[in-house]
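First up is the structure itself, then whatever we jot down about it.
In UniProt numbering, the protein residues as written are 1 to 485.
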């Protein structure tokens with residue numbers, strides 16, 4: 001597959017991936033906005049605990065096989081489907097085993113995370129492990145083939161679940177059960193549709209030699225996934241243990257809403273970026289050029305979103321979560337600000353390591369971050385909830401520094417070149433944020449603050465247009481999307 005074919009496939013895939021994530025990430029915040037006005041922070045805290053346990057077990061069910069199927073170069077379709085079959089049966093077997101373990105030890109697990117009464121909740125929520133084992137392998141094949149159009153159609157069905165299942169159950173008084181049942185129905189829908197539409201269907205084939213080859217790659221992806229889980233959930237574990245479900249719900253729901261807004265951009269790009277870089281892994285010039293273009297295009301939207309949420313955090317919380325979540329404004333603000341930096345300068349680096357078949361580097365980055373993260377969280381928790389929140393958010397900048405060093409010394413990406421690549425969008429977003437801060441001081445009304453956001457957006461893109469290279473890239477990318485539509 002030559003460079004032009006890969007580029008065209010990536011643009012076409014990007015269009016459908018963007019459409020998928022745009023629809024999903026628009027619907028998800030809307031449904032959560034409704035649920036936040038029905039359910040209490042405690043209910044979201046209970047769901048967070050169940051999700052934490054399930055996400056840990058889910059890493060082992062995938063075992064890194066998704067990334068292997070996307071990244072590996074197979075001789076022909078027969079070899080690809082044989083590997084796919086081995087991955088599927090392995091996933092399914094591990095899923096049943098882990099679910100049985102969770103059911104057996106559900107009460108001790110609930111006690112360990114600081115909520116001794118949630119054993120049955122955790123056991124029932126984790127039935128999703130079996131369902132994701134059916135869909136994860138098919139999704140890997142679709143992404144490998146840049147077939148994001150099919151994933152779009154499947155996702156459209158799943159995103160209707162909150163409105164047809166979750167919200168009605170919440171209105172009926174089922175509290176956190178409404179979210180758990182809705183998640184199970186959504187995963188079941190994904191599994192059924194993806195299995196039906198997939199060109200590959202499970203068949204009776206298994207070969208230990210293939211498993212060994214896959215596992216030699218996937219073991220590092222699995223270890224990396226464990227380290228990522230620890231990075232993502234160690235704070236929730238501490239909050240659940242040291243504080244209570246209210247503060248955990250406050251914290252994780254704020255994070256979730258910010259992440260959902262950021263994911264509107266990022267979730268559409270990262271699957272396409274990984275697939276594209278994997279196909280270009282032996283073409284260093286185009287590999288690097290593609291990485292920098294994707295990074296800059298994402299920064300065009302991510303930087304102003306992060307800074308905008310921080311500056312308008314009170315308004316954002318009022319609109320998104322409602323009045324009973326006012327305490328969440330500080331969490332949303334600082335998490336959005338640090339997320340913008342982390343996504344542009346950190347997350348994309350991990351895709352470079354994986355696309356080059358070097359997941360060990362991503363694991364190294366996670367470990368070097370955890371060395372700082374765990375002590376910071378443990379010590380800051382002694383000084384109260386809000387000290388923990390700010391410490392947890394700001395320590396992410398150390399993670400960015402770790403990625404800078406690995407990208408420079410292991411991958412040959414100069415730090416200065418990376419900073420120069422996103423400087424126009426960063427400086428434009430910072431100045432926009434300063435403007436937004438002073439505009440808010442003129443009038444405290446909601447109407448004026450909303451109008452000032454429009455002024456900030458126009459100012460940002462006007463300032464960005466002064467940078468010729470950025471302007472040309474945005475225009476070129478928009479034209480390609482239109483041409484491929």
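The C-beta atom is built at its ideal place from N, Cα and C for all residues, glycine as well.
Small disclaimer: the values here were computed from a predicted structure and weren't measured.
Between the beta-carbon of residue i and the beta-carbon of residue j, is there less than 8 Å?
| i | j | result |
| --- | --- | --- |
| residue 139 | residue 92 | no |
| residue 311 | residue 436 | yes |
| residue 389 | residue 331 | yes |
| residue 221 | residue 67 | yes |
| residue 69 | residue 87 | yes |
| residue 181 | residue 127 | no |
| residue 335 | residue 393 | yes |
| residue 374 | residue 234 | yes |
| residue 95 | residue 141 | no |
| residue 240 | residue 113 | yes |
| residue 370 | residue 227 | yes |
| residue 46 | residue 118 | yes |
| residue 319 | residue 262 | no |
| residue 486 | residue 302 | The question about residue 486 has no answer here: the residues shown for the chain are numbered 1 through 485. |
| residue 167 | residue 323 | no |
| residue 294 | residue 273 | yes |
| residue 236 | residue 100 | no |
| residue 502 | residue 85 | Residue 502 lies beyond the residue range present for the chain, which begins at 1 and ends at 485; the question has no answer from this structure. |
Rank the options by C-alpha distance to the C-alpha of residue i and give the top, closest one.
| i | options | result |
| --- | --- | --- |
| residue 89 | 135, 76, 459 and 55 | 135 |
| residue 242 | 452, 450 and 377 | 377 |
| residue 82 | 177, 295 and 137 | 137 |
| residue 418 | 204, 345 and 441 | 345 |
| residue 133 | 187, 428 and 282 | 187 |
| residue 469 | 144, 278, 420 and 117 | 420 |
| residue 120 | 164, 159, 176 and 154 | 176 |
| residue 413 | 77, 291 and 209 | 291 |
| residue 347 | 397, 391, 384 and 321 | 397 |
| residue 255 | 279, 295 and 333 | 333 |
| residue 426 | 65, 304 and 165 | 304 |
| residue 384 | 244, 164, 143 and 78 | 244 |
| residue 475 | 300, 395, 448 and 409 | 300 |
Among residues of its own chain, excluding the 5 on either side of residue i, which ones have a beta-carbon nearer than 6 Å to its beta-carbon?
| i | result |
| --- | --- |
| residue 337 | 306 and 310 |
| residue 2 | For residue 2, the pLDDT reaches just 48, beneath the cut-off of 50, and the residue's location in the model is therefore unreliable, although a value from the coordinates is still provided. None. |
| residue 217 | 68 |
| residue 253 | 44 |
| residue 329 | 313, 314 and 317 |
| residue 266 | 343 |
| residue 202 | 88 |
| residue 125 | 50, 54 and 180 |
| residue 428 | 460, 463 and 464 |
| residue 33 | 320 |
| residue 223 | 363 |
Under 7 Å Cβ to Cβ from residue i, same chain only, skipping five residues before and after it: list those, please.
| i | result |
| --- | --- |
| residue 467 | 424 |
| residue 229 | 55, 56 and 59 |
| residue 38 | 170 and 171 |
| residue 80 | 74 |
| residue 122 | 50, 53, 102, 106, 109 and 110 |
| residue 431 | 463 |
| residue 459 | 432 and 435 |
| residue 400 | 341, 342, 345 and 346 |
In chain order, what residues of the same chain lie with their CB nearer than 8 Å to the CB of residue i, ignoring the 5 residues before and after it?
| i | result |
| --- | --- |
| residue 238 | 377, 378, 381 and 388 |
| residue 131 | 184, 187, 188, 190 and 191 |
| residue 450 | 315 |
Given 8 Å, three or more beta-carbon pairs between the region 33-49 and the region 238-253: yes
Segment contact, 8 Å Cβ cut-off, at least three pairs: the region 348-364 with the region 285-297: yes
At least 3 beta-carbon pairs within less than 8 Å: the region 362-370 vs the region 401-409: yes
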